[in-house]
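Peer 1:
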Amino acid sequence: MEQKDLKHIVAQFAIEGNVAEVKPLGNGLINTTYKVVTEGSAPDYVLQHINTAIFPDVEMLMGNIVAVTGHIRKKYEADGVADIDRRVLSFVPANDGKYYYEHDGKFWRVMVFIPDTVSQTAVTPETSRIVGETFGHFQAMLADIPVQLGETIKDFHNMEFRLQQLREAVAENKAGRLAEVQWLVDELEKRAEEMCKGERLHREGVLPKRICHCDTKVDNILFDKDGNVLCVIDLDTVMPNFIFSDFGDFLRSAANTGAEDDKDLDNVNFNMDIFRAFAEGYVKSAKCFLTPVEIENLPYAACLFPYMQTVRFLADYINGDTYYKTQYAEHNLVRSKAQFKLLQSAEAALPAMKAFIAEQLG
Numbered sequence: 316m317e318q319k320d321l322k323h324i325v326a327q328f329a330i331e332g333n334v335a336e337v338k339p340l341g342n343g344l345i346n347t348t349y350k351v352v353t354e355g356s357a358p359d360y361v362l363q364h365i366n367t368a369i370f371p372d373v374e375m376l377m378g379n380i381v382a383v384t385g386h387i388r389k390k391y392e393a394d395g396v397a398d399i400d401r402r403v404l405s406f407v408p409a410n411d412g413k414y415y416y417e418h419d420g421k422f423w424r425v426m427v428f429i430p431d432t433v434s435q436t437a438v439t440p441e442t443s444r445i446v447g448e449t450f451g452h453f454q455a456m457l458a459d460i461p462v463q464l465g466e467t468i469k470d471f472h473n474m475e476f477r478l479q480q481l482r483e484a485v486a487e488n489k490a491g492r493l494a495e496v497q498w499l500v501d502e503l504e505k506r507a508e509e510m511c512k513g514e515r516l517h518r519e520g521v522l523p524k525r526i527c528h529c530d531t532k533v534d535n536i537l538f539d540k541d542g543n544v545l546c547v548i549d550l551d552t553v554m555p556n557f558i559f560s561d562f563g564d565f566l567r568s569a570a571n572t573g574a575e576d577d578k579d580l581d582n583v584n585f586n587m588d589i590f591r592a593f594a595e596g597y598v599k600s601a602k603c604f605l606t607p608v609e610i611e612n613l614p615y616a617a618c619l620f621p622y623m624q625t626v627r628f629l630a631d632y633i634n635g636d637t638y639y640k641t642q643y644a645e646h647n648l649v650r651s652k653a654q655f656k657l658l659q660s661a662e663a664a665l666p667a668m669k670a671f672i673a674e675q676l677g
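Here it is in structure tokens:
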């Protein structure tokens, strides 16, 4: 995109200073991002194109984010936290008061750039503990948010919905692949009632929905140069959900000793060292608001997400690979088998997980 167009978009927001340059920033897979460099002592900014193919309701999306960052900022102010502008993202309103601007059918937003930060990607017991504690704290700060947030991706982690998609794929058998995977469909159906208990407990009024990040990973934490946590970033998926989302989805990827699409199933196991580190950090910062039902079902969450991803990969394979990008004909089947192996390994670890969680509360 040309400089004049980018500068025109930035000019629609209530920023300080004069823009010197707008240049690409990072390599985000979802949203296109630029750094807005200003002259003199004015802060720099981040300009981001919002991917409406994934987040179609921009008004809801930005409403969620502004509500969340505003609530966290107020809590930090009340607690006298130092350097708040580095501890929570700051979004800049457009000149019309909205927190986005539409240009040629595309939607843009601007936030203040936080300088002298680093990100981490390595999954180790130490970083896993940090992720658990950071996202547990993030949920704790939002446990009393006074506004109702919207669901930016509908049914994102709804297990009943994902099973419905699988059952529709099985009924239609579009690609004629059902016979070879019937055994796996049967295995998933055996577990269906147990794996849908989150939705069931919610309907019974005993499992609340919380404000969750829904994309828990070390990449989504900003650190200072000394390795101290500054803030949680990438807030597009922040929405009401069961706390299982932030707990289980991290472990699905981080506690897998193999690759998500590992052909050698001997490589795939559930890493209890990562579980213990993450769970220790999470329970430490989240136990202040978690209910007994939520705590009791944290090990269930560690099984739920490999199960959910097996369901999703398998449904796509049966449908003829219409959703996930594949590199070869049986890629989704390989993914399904690897996720199912991870599920089995997590199931075997359930007693150990429950015992460890109990220790953290003792």
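Take any residue in the sequence shown, note its place counting from 1, add 315, and you have its number in this note's numbering.
C-beta atoms are modelled at their ideal positions from N, C-alpha and C, and glycine is treated no differently.
When the Cα atoms are used, what is the spatial distance from Thr625 to Ala664?
Peer 2: Counting from one through the sequence shown, the residue named residue 625 turns up at place 310. Counting from one through the sequence shown, the residue named residue 664 turns up at place 349. Between Thr625 and Ala664, the C-alpha separation is close to 18 Å.
Peer 1: Do Phe562 and Ala616 have their C-beta atoms closer together than 8 Å?
Peer 2: By one-based count along the sequence shown, residue 562 stands at place 247. By one-based count along the sequence shown, residue 616 stands at place 301. Yes, the pair counts as a contact, with Cβ atoms nearer than the cut-off.
Peer 1: Check this for me: beta carbons of Arg477 and Met623, under 8 Å apart or not?
Peer 2: Translated into positions along the sequence shown, residue 477 becomes position 162. Translated into positions along the sequence shown, residue 623 becomes position 308. For Arg477 and Met623, yes; Cβs fall inside 8 Å.
Peer 1: For Ala335, I'd like the list of residues in its chain whose CB is within less than 8 Å of its CB, leaving aside the five on either flank, ordered along the chain.
Peer 2: Walking along the sequence shown from the start, residue 335 turns up at place 20. Result list for Ala335: Val352, Thr353 and Glu354, in chain order.
Peer 1: Just to confirm the assignment: which complete alpha helix (DSSP H) runs, minimum length 4, are found wholly within the segment 394-481?
Peer 2: DSSP runs (the alpha helix (DSSP H)) wholly in the segment 394-481: 440-457.
Peer 1: Please confirm if the segment 480-495 is in contact with the segment 521-532, defined as three or more CB-CB distances below 8 Å between the two stretches.
Peer 2: Because the criterion of three Cβ pairs below 8 Å is not met, the segment 480-495 and the segment 521-532 do not touch.
Peer 1: Alpha carbons only, please: which of Asp534, Asn366, Arg424 and Ile536 is nearest the one belonging to Thr467?
Peer 2: Translated into positions along the sequence shown, residue 467 becomes position 152. Closest by alpha carbon: Asn366.
Peer 1: In three-state terms, what does DSSP make of Pro523?
Peer 2: The residue labelled residue 523 in the question sits at position 208 within the sequence shown. Coil.
Peer 1: Using the DSSP secondary-structure output, state which residues sit across from Gln363 in a beta bridge.
Peer 2: Stepping through the sequence shown from its first residue, residue 363 is reached at position 48. Thr348 and Arg424.
Peer 1: Would you mind reading off the limits of the beta strand (DSSP E) that contains Leu545?
Peer 2: Position 230 of the sequence shown, counting from 1, holds the residue named residue 545. Counting along the chain, the beta strand (DSSP E) containing Leu545 begins and ends at Val544 to Val547.
Peer 1: To the nearest angstrom, how far is it from the Cα of Cys603 to the Cα of Lys669?
Peer 2: The residue given as residue 603 occupies position 288 in the sequence shown. The residue given as residue 669 occupies position 354 in the sequence shown. Distance between the alpha carbons of Cys603 and Lys669 is about 19 Å.
Peer 1: According to the Cβ coordinates, are Tyr415 and Val373 closer than 8 Å?
Peer 2: The residue you call residue 415 lines up with position 100 of the sequence shown. The residue you call residue 373 lines up with position 58 of the sequence shown. Their beta carbons are under 8 Å apart, which means Tyr415 touches Val373 by this criterion.
Peer 1: Between which two residues does the beta strand (DSSP E) holding Met316 run?
Peer 2: Position 1 of the sequence shown, counting from 1, holds the residue named residue 316. That residue, Met316, is in no beta strand (DSSP E); it is neither H nor E in DSSP.
Peer 1: Would you grab the beta carbon distance between Gln435 and Val533 for me? Rounded to a whole angstrom, and I think it's under 8 Å.
Peer 2: Stepping through the sequence shown from its first residue, residue 435 is reached at position 120. Stepping through the sequence shown from its first residue, residue 533 is reached at position 218. Contact holds; Cβ gap of about 5 Å.
Peer 1: Nearest CA to the CA of Glu509: which residue from Glu475, Arg482, Lys389 and Asp398?
Peer 2: The residue labelled residue 509 in the question sits at position 194 within the sequence shown. Among Glu475, Arg482, Lys389 and Asp398, the Cα nearest to that of Glu509 is on Glu475.
Peer 1: Enumerate in chain order the residues of its own chain whose CB-to-CB distance from Ala592 is below 6 Å, with the five nearest sequence positions on each side excluded.
Peer 2: Stepping through the sequence shown from its first residue, residue 592 is reached at position 277. Hits under 6 Å: Pro440, Ser443 and Arg444.
Peer 1: By the three-class DSSP mapping on this structure, what secondary structure does Val334 have?
Peer 2: Counting from one through the sequence shown, the residue named residue 334 turns up at place 19. Strand.
Peer 1: Take Lys413 as the anchor and find which of Ala329, Ile460 and Ile536 has the nearest alpha-carbon.
Peer 2: Position 98 of the sequence shown, counted from the start, is the residue given in the question as residue 413. Cα-wise, what sits closest to Lys413 is Ala329.
Peer 1: What would DSSP say about Phe585, mapped onto helix, strand or coil?
Peer 2: Here residue 585 corresponds to residue number 270 of the sequence shown, with the count starting at 1. Here Phe585 sits in strand by DSSP.
Peer 1: Once the 5 residues before and after Pro358 are set aside, which same chain residues still bring their CB inside 7 Å of it?
Peer 2: Reading the sequence shown from its first residue, position 43 is the one you call residue 358. The residues are Glu331, Val427 and Phe428.
Peer 1: Return the first residue and the last residue of the alpha helix (DSSP H) that Asn634 is part of.
Peer 2: Position 319 of the sequence shown, counted from the first residue, corresponds to residue 634. Leu613 to Asn634 is the span of the alpha helix (DSSP H), which, as asked, contains Asn634.
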